[in-house]
Structures are given as C-alpha cells and as structure tokens.
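Listed in order, the protein sequences are those of chains X and U. If you use the working numbering, the first sequence corresponds to residues 16 to 172, in order. If you use the working numbering, the second sequence corresponds to residues 29 to 496, in order. To start, the structure under review is shown below, and the notes come after it.
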Amino acid sequence: MNAKLMTALAAAALLTACADDQSQTVSAGAGGAAPGQIRPGSQEDLVANVGDRVFFDFDRSNIRPDQRPVLERQAAWLQRYPEVQVTIEGHADERGTREYNLALGQRRANAARDVLVAQGVSGARIQTISYGKDRPAALGSNEEAWAQNRRAVTVVR
Amino acid sequence: MRTDLRFPTLTRRRAALGAGAALAAPGIAAWPLPAARAQQPAAQGGGAAGAVINIETARTNPIPIAIPDMAGATPDAQRIGRDIARVIQNNLRNSGLFRPIEREAFIQTPEAAAATPRFQDWRVIGAQALTTGRVEAAGERLRVEFRLWDVLPEQQLQGTAFTAPLQNWRRIAHLISDVIYERLLGEKGYFDTRVVYVSETGPRDRRTRRLAIMDQDGENHRFLTDGAFAALTPRFHPNSDRVAFMAYQARGEPRVVLLDLGTGRTEVLGSFPGMTLSPRFSPDGRSVVLSAARGGVANIYVVDLASRRERQLTSGGALDVSPCYSPDGTQIVFNSDRGGDQQLYVMDADGGNVRRISFGRGRYATPVWSPRGDLIAFTRFGTGSFAIGVMRPDGSGERILSEGWAMEGPTFAPNGRVLMFYRETPARDARGTGYSARLASIDIAGFNERQIMTPTDATDPAWSPLLS
C-alpha cells in the first residue's frame, strides 16, 4: 500500500514538474491562478488570461477560424506590453516524418506570426522556431494527443 | 546425398584484396598469401554443377560455411582467434545469406584445419565453404593469416595476411567478413562500416538527443555529442571522416552543422537566415545539399564546401525537404508537398527537369538513393500505418519491405543490399508509457528484418561507406 502511495506521489510530482516548464504549460483554461500571483506581461499571464497556443488540423498550417481569436487576444496583449518579446514554437504530431515535420512546424509558427503581425505587432518582437514532432505536449499515441500536439505556442522570451 | 546438400559451383572470382593493399585504417595492412598447397580440383559432386551462387540464390539457400576458431600458439592469440571467428560468424549469419555451421558439428580441430584442411571432414558436415586462420599476437601487434576454401573442389579461394595494432582486431574480423562475402557472392560486402545515429534518452517531451557512432554490428559504441544541444539527422561524408547533421544551438533556429570526426570540431554550414535541415553530402564530397526554411516555405540549396557558395535549386511556396543525390551526382530526389501532400520528386542536379515519381496510396517521404543507383528507398504513411519501401528511380516497381505503427529514415548499406531504418512503438497511455524507438535492418528483398541493439532509444541511422 505504501509503495502504491509513493508511486502516486511520484506521478503527481512528475506532473507538477511538467506544468512548471513554461514551454510545456497546459493551454489556458478557466480557473487559472488567483489574480495578484501573476505578474502582468509574463508567460503565466499569457497562459492564464490570453491563451498561449493555437491548434492545427493534420498536415495543415492554416489558422483555423476557431483558433484565430486566441491569436487576436495575443496581439492585443502584446500591444499592452510593448517590451515583451516572444518566440513562437511550431510543432507537429508524431504521425509524420521528422524532416518534413520540422518544416511543417516552422510553417505553423510562421502562420501564427503572420496573424500577430497583421494585427499590428512588430515582426521584430517575434522569433519563430520549429521542433517538428520531437517535443510533444501530450504523450499519448492517439488522436486526442495528436490534436494537442499540432500546435504553435507563443513563449515570452 | 540429400538434395539440399548439393553444392552449386562457387564462381571463380577475382581476389578481393590486391597485393599489399594499404587499407584506410590506422596501421592495418593486408597482402595475399600463396595457395597453401597446389592441388588438382576434385571432380564435381552433386547434381547442381553450373548453378552459380549469387545474392539472389543465397537469399533462398544461405551458403553453409564453417568458420572454426583461428588457431594461435598462446592463450592470448587463441582468445583473439576465437573472438575474430565469432565476429565473422555473426556478420555472415546476420546478413541472412550465410548459414555458419555450429561448432559442435566440427570434426577436425581448428588447429589441424589451420595446418591442412581435411576436406572430407568439412564436406560431411555440409560445409560448402571453410575458413581457416592463425593469429600471432606479439605485444601490441597482431598478425592474422586467413584462408577461404571451397570445400568441394578442395581449393583455396583466398589467402590474406593482415597486420594491425591489437586494438583493431574487430576491424580485421570485419575485413575478413567482407572478403568472404565478396568472394562467395560476387559483390562487395558492408561489414567494415559504421553507423551514426541519434541516441534518445529521457521523457519524450524533454528528450536528450545525442549523436552516437558504432560499428555496423553495434560494437565500439561511443557518443559524439554530450546532449547539451539536440542533434538530429546525421549523415556521413563519403570519406566517413565528417558528419553533417542538424543542431539546436543555444540561440536562434536550428542549423545544419559539420562535425569533423577526427578533431571533434563543429561549424555551422552556410549563412541562411532561417532554419536549415536535412543535409546530405554530394557523392564527390565537395558539397552539401540541404533544405532552408523561412517564412513558411522550405527550399533546397546546395552549398559548395570549398567556396561556401550557396545555390538555390528549388523555389516556390512548398516545403521541399530531404534531398539526396543519385550516386553519379547528376540527379537529386527530394520530398515536397507542392502537389498538395508529401510526394517524391526527382530533379537534375542543377534544379531543372523536376518530375514526380511517387503515385501510390498515402504520402511518401525520406527518399534515399541506393549506392548501386538502381533503387530509391522511402517512407510511406498516411494510410493508418507506416512502411519502408523501395522503387526504381523512375517510380516504377514499388515494393513495401516492412510495415508497422511507425517507422522512417531508411539508409542503405554501401553495397545497396541492406537498409537500416528506425521503428517506433506507440505509447500505451497518456504518460507515454511503452513508447520506444529502435534501429532495424532489412534485406532489400524484404526479408531478414533484425533489430540493431543500441544502449538507448535510437533514431535517424546513417550507414557509412566501406571504411577501406
């Protein structure tokens, strides 16, 4: 029983560790941390109050209509904090080949960047990088995980 | 005599190593030995006289070969002689084209065979070919005498003496394996080669990816990078002394980097503004073809290594990646989504005359041209599973060799007869439990798939040319 409890605690610690890693932060949802604990203009602020990522369809890099509002909120937020610089990380799911997915991730990051720039954010504040299929956010091998992994994540530098 | 023990003729083939061949390895030399004793060829037995052994026939009827331990006068020499024989046995067995006979069946002792083979003793256990040898170990020097015999006509096919530093005994075993392969099958072998690949450790969302190098049989494993930065897609220079790969540096986008295996020095290749990926050396070793991505497109460039001049070969809004030269350097096969999804295209080396070659179901990726020039290997997916296959350079004759949940990244052995690739196992749960990535090799006829043992998960293998 003790061993079982230890395993559960270890698993919980592991999950916490993941959530602390800013590039692995789970997408913004309801019920973020209490206001006052979050520094305005920080990655935590972006995640909790704006949404740090957009998702893509399989082998596509166009911004889906349901994802566009996230980028529009990001653009407004970036204009509110003009000193903030960001890197957009493009990713792909595991159902592709490594080299092509590197290029696809780059194209996705670029598509997100284009929306921010069209919304008035200076391109000089935005870098892009692709990790292809090599840094999944969800570790399962199923459609649900793949949908989470086809993403462009905006990360405060 | 049972029909499956009939011996087809071993074709008389040119000796595999010329006189006093200086091998491109530190301190290894080889020269021919005179025939151990002149003798009249015995009368042909069996009924298959005239049938010629080649790779095609060996696939269905692996050549039975006896590889006794090499003899030695001292315990050290005997141990090395045993180890060399084991490496040769493993190489030949793993090729799928030879059937090394179990040592328990041997009648004549290795020592006696090294002096004078008693062919009747080897014929009766079904050996078609026999190797004998003698090892002398004096200090740090090693001398190995090796002979290959055709058992039925009782003839020496090859005799070679090697000298080398003691620590290179494995190289000698691989060289001997290549001699056997070439003399008996009529084509160059692939045993004196290495594989560079990406070693992967840690949880899948935060993996450490290091370059590692090993002999083709998995021995002499060592890491080339320390994991401080992620390294992907290594490829050998035709001289095997340099590796081009993609590196995530501390700042900025990932770039194609050249690594000198002798000095360990690295340098970023080219002055491209964005990410560079999927490098391959040209067959003459003078340039690197790669993909440069920027602004949502990826185009293929060639970088001349002497002048560092960059020349753009493709243009447009597509993702053009994974270029690979034909062995004569006149054409380049690559992967592009210009037609809507990933397919294979061939163009002239100057970028002209582009034509699509893949037309089957699904998507095609990671094309590599066989060193023989006759085939292009690829990954096919998008139909639920992944597969490794080959097709002719005009796109005809497509054959799937292996299929599974996920696999990709084929690389040819230098003789074009074996592919290595990596195969992944899916995660069983949301924490990624059960995921793994492993190297595998397979004969291009689609049989003899084998996992290559590596200390960690492994991806992106690249097979070196023959080292000597």
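For each residue, glycine too, the CB sits at the ideal point set by N, CA and C. It should be emphasised that the depicted structure is a prediction, and the values quoted were computed from it without experimental measurement.
**Item:** is_contact[Leu131 (chain X), chain U] using C-beta, thresh 8 Å
**Value:** As a position in the first sequence, residue 131 (chain X) is number 116, starting the count at 1. Judged by the 8 Å Cβ criterion, Leu131 (chain X) is not in contact with chain U.
**Message:** Can you tell me whether Ala405 (chain U) is helix, strand or coil according to DSSP?
**Reply:** For the purposes of this step, residue 405 (chain U) is taken as the residue at position 377 of the second sequence. Three-state DSSP puts Ala405 (chain U) in a strand.
**Item:** Below-8 Å beta-carbon distance, Gln94 (chain X) vs any chain U residue
**Value:** Locating residue 94 (chain X) in the first sequence gives position 79, where the first residue counts as 1. No, Gln94 (chain X) does not count as interfacial toward chain U.
**Asked** Among the residues of its own chain, which have a CB less than 7 Å from the CB of Ile95 (chain U), if the five just before and after it don't count?
**Response** In the second sequence, residue 95 (chain U) corresponds to position 67, counting from 1. In the same chain as Ile95 (chain U), and ignoring 5 residues on each side of it, the C-beta atoms closer than 7 Å to its own belong to Ala113, Ile116, Gln117, Pro128 and Thr159, in chain order.
**Message:** List, in chain order, every chain U residue whose beta-carbon is nearer than 7 Å to that of Pro151 (chain X).
**Reply:** Walking along the first sequence from the start, residue 151 (chain X) turns up at place 136. For Pro151 (chain X), the chain U residues whose C-beta falls within less than 7 Å of its own C-beta are Arg232 and Asp233, listed in chain order.
**Message:** When you compare the CB of Gln277 (chain U) with every CB in chain X, is at least one pair closer than 8 Å?
**Reply:** For the purposes of this step, residue 277 (chain U) is taken as the residue at position 249 of the second sequence. By the rule that beta-carbons nearer than 8 Å mark a contact, Gln277 (chain U) does not touch chain X.
**Prompt:** So what does Pro62 (chain U) bridge to, in DSSP terms?
**Reply:** For this step, residue 62 (chain U) is matched to residue 34 along the second sequence. Per DSSP, Pro62 (chain U) has no beta-bridge partner at all.
**Request:** Report yes or no: is there a C-beta of chain X within less than 8 Å of the C-beta of Leu239 (chain U)?
**Result:** Here the question's residue 239 (chain U) lines up with position 211 in the second sequence. By this cut-off, Leu239 (chain U) is not an interface position.
**Asked** According to DSSP, which residues form a beta bridge with Asp149 (chain U)?
**Response** By 1-based counting over the second sequence, the position of residue 149 (chain U) is 121. Looking at the DSSP assignment, Asp149 (chain U) forms no beta bridge with any residue, so it has no partner.
**Message:** If the criterion is Cβ atoms closer than 8 Å, does the pair Gly55 (chain U) and Asn476 (chain U) meet it?
**Reply:** Stepping through the second sequence from its first residue, residue 55 (chain U) is reached at position 27. Stepping through the second sequence from its first residue, residue 476 (chain U) is reached at position 448. By the CB criterion at 8 Å, Gly55 (chain U) and Asn476 (chain U) fall outside the cutoff.
**Asked** At which residues does the alpha helix (DSSP H) containing Gly69 (chain X) begin and terminate?
**Response** Numbered from its first residue, the first sequence carries residue 69 (chain X) at position 54. Note on identity: in this sequence residue 69 (chain X) is Val, with Gly being the wrong assignment. First-last for Val69 (chain X): Arg68 to Phe70, but that is the beta strand (DSSP E), not the alpha helix (DSSP H).
**4 or more residues per run - each alpha helix (DSSP H) lying fully within the region 171–241 of chain U** = 197–213, all fully within the region 171–241 of chain U.
**Asked** Going by beta carbon distance, what residues of the same chain come within less than 8 Å of Gln67 (chain U), once the five residues before and after it are set aside?
**Response** Along the second sequence, read from residue 1 onward, the residue named residue 67 (chain U) stands at position 39. Bear in mind that the predicted position of Gln67 (chain U) carries a pLDDT of just 48, short of 50, making it too unreliable to give a figure here.
**Message:** Could you compute how far the alpha carbon of Gln163 (chain X) sits from the alpha carbon of Phe71 (chain X)?
**Reply:** For this step, residue 163 (chain X) is matched to residue 148 along the first sequence. For this step, residue 71 (chain X) is matched to residue 56 along the first sequence. Rounded to the nearest whole angstrom, the CA to CA distance from Gln163 (chain X) to Phe71 (chain X) is 9 Å.
**Residues in the region 346–377 of chain U having any Cβ partner in chain X nearer than 7 Å** = Residues Leu347, Val349, Ser350, Asn363, Asp369 and Gln370.
**Request:** Please decide whether Asn125 (chain X) counts as near chain U, where near means a Cβ-Cβ distance under 8 Å.
**Result:** Taking the first residue of the first sequence as 1, we reach residue 125 (chain X) at position 110. Interface residue, yes.
**Asked** Is the beta carbon of Ala393 (chain U) less than 8 Å from the beta carbon of Ser350 (chain U)?
**Response** Here the question's residue 393 (chain U) lines up with position 365 in the second sequence. Here the question's residue 350 (chain U) lines up with position 322 in the second sequence. Contact: yes.
**Asked** In its own chain, which residues sit with a C-beta less than 7 Å from the C-beta of Gly357 (chain U), not counting the 5 before and 5 after it?
**Response** Indexing the second sequence from 1 puts residue 357 (chain U) at position 329. So the list reads Ser310, Pro311, Asp312 and Ala377, once near-sequence residues are dropped.
**Item:** Limits of the unbroken beta strand (DSSP E) element including Asn327 (chain U)
**Value:** Position 299 of the second sequence, counted from the start, is the residue given in the question as residue 327 (chain U). Segment Val325 to Asp332, the beta strand (DSSP E) holding Asn327 (chain U).
**Helix, strand or coil at Tyr450 (chain U) [DSSP, three-state]** = Your numbering for residue 450 (chain U) matches position 422 in the second sequence. Reduced to three states, the DSSP call for Tyr450 (chain U) is strand.
**Request:** Determine, using beta-carbon pairs with one atom in the region 189–196 of chain U and one in the region 220–230 of chain U, whether at least three such pairs fall under 8 Å.
**Result:** By the Cβ criterion, the region 189–196 of chain U is not in contact with the region 220–230 of chain U, since fewer than three pairs of Cβ atoms, one from each stretch, lie closer than 8 Å.
**Request:** Take Asp36 (chain X) and list the residues in its own chain whose beta-carbon comes closer than 8 Å to its own, dropping the five residues that flank it on each side.
**Result:** Within the first sequence, residue 36 (chain X) is the residue found at index 21, counting from 1. Caution is warranted here: a pLDDT of 41 is assigned to Asp36 (chain X), below 50, making its placement in the model unreliable, and no coordinate value can be reported.
**Item:** Interface residues of chain U facing Gly66 (chain X) [CB-CB closer than 9 Å]
**Value:** Position 51 of the first sequence, counted from the start, is the residue given in the question as residue 66 (chain X). Per Cβ cutoff of 9 Å: no residues; Gly66 (chain X) is ~20 Å from chain U at best.
**Message:** On the DSSP bridge list, what partners appear for Ile470 (chain U)?
**Reply:** Taking the first residue of the second sequence as 1, we reach residue 470 (chain U) at position 442. Beta bridge pairing from DSSP links Ile470 (chain U) with U:Leu447.
**Request:** Can you tell me which of the three DSSP states Asn433 (chain U) falls into?
**Result:** To locate residue 433 (chain U), count along the second sequence from 1; it is residue 405. The sequence shown places Trp at residue 433 (chain U), rather than the Asn named in the question. When DSSP states are grouped into helix, strand and coil, Trp433 (chain U) belongs to the coil group.
**Prompt:** Helix, strand or coil for Leu318 (chain U) per DSSP?
**Reply:** Position 290 of the second sequence, counted from the start, is the residue given in the question as residue 318 (chain U). Per DSSP, reduced to three states, the secondary structure at Leu318 (chain U) is strand.
**Prompt:** Would you report the Cα separation of Ser464 (chain U) and Arg408 (chain U), rounded to the nearest angstrom?
**Reply:** In the second sequence, residue 464 (chain U) corresponds to position 436, counting from 1. In the second sequence, residue 408 (chain U) corresponds to position 380, counting from 1. Cα to Cα, the separation comes out at about 20 Å.
**Request:** Would you kindly work out how many angstroms separate the C-alpha atoms of Phe264 (chain U) and Ala278 (chain U), rounded to a whole number?
**Result:** Mapped onto the second sequence, residue 264 (chain U) falls at position 236. Mapped onto the second sequence, residue 278 (chain U) falls at position 250. In a straight line, the C-alpha of Phe264 (chain U) is about 24 Å away from that of Ala278 (chain U).
**Within chain U, the residues that Asp74 (chain X) reaches when beta carbons sit closer than 9 Å** = To locate residue 74 (chain X), count along the first sequence from 1; it is residue 59. What Asp74 (chain X) touches in chain U: Asp365, Asp369, Gln370, Arg391 and Gly410.
**Prompt:** Within 8 Å (strictly less), CB to CB, does Gly138 (chain X) reach chain U?
**Reply:** What you label residue 138 (chain X) is simply residue 123 of the first sequence in a count that begins at 1. Not closer than 8 Å to any Cβ of chain U, the Cβ of Gly138 (chain X) fails to qualify, so no.
**Asked** In terms of alpha-carbon separation, which member of U:Asn443, U:Leu287, U:Asp365 and U:Met448 lies closest to Pro307 (chain U)?
**Response** The residue given as residue 307 (chain U) occupies position 279 in the second sequence. The shortest C-alpha separation from Pro307 (chain U) is found at U:Leu287.
**Request:** Please report how far the alpha carbon of Pro231 (chain U) lies from the alpha carbon of Glu452 (chain U), in whole angstroms.
**Result:** In the second sequence, the residue the question calls residue 231 (chain U) occupies position 203. In the second sequence, the residue the question calls residue 452 (chain U) occupies position 424. Rounded to the nearest angstrom, the two C-alpha atoms are 15 Å apart.
**Prompt:** Roughly how many angstroms lie between the CA atoms of Val152 (chain U) and Gln106 (chain U), to the nearest whole one?
**Reply:** By one-based count along the second sequence, residue 152 (chain U) stands at place 124. By one-based count along the second sequence, residue 106 (chain U) stands at place 78. Each residue's Cα considered, the two are about 26 Å apart.
**Item:** DSSP state of Tyr115 (chain X) mapped onto helix, strand, coil
**Value:** Counting from one through the first sequence, the residue named residue 115 (chain X) turns up at place 100. Three-state DSSP puts Tyr115 (chain X) in a helix.
**Message:** Can you tell me whether Thr112 (chain X) is buried or exposed? The criterion is at least 16 other CB atoms within 10 Å of its CB, across all chains shown.
**Reply:** Here residue 112 (chain X) is taken as the residue at index 97 of the first sequence, counted from 1. Counting Cβ neighbours within 10 Å, Thr112 (chain X) comes out buried, since at least 16 surround it.
**Asked** Do Arg128 (chain X) and Ile144 (chain X) have their CB atoms nearer than 8 Å?
**Response** By 1-based counting over the first sequence, the position of residue 128 (chain X) is 113. By 1-based counting over the first sequence, the position of residue 144 (chain X) is 129. In this structure, Ile144 (chain X) does not lie closer than 8 Å to Arg128 (chain X) by Cβ.
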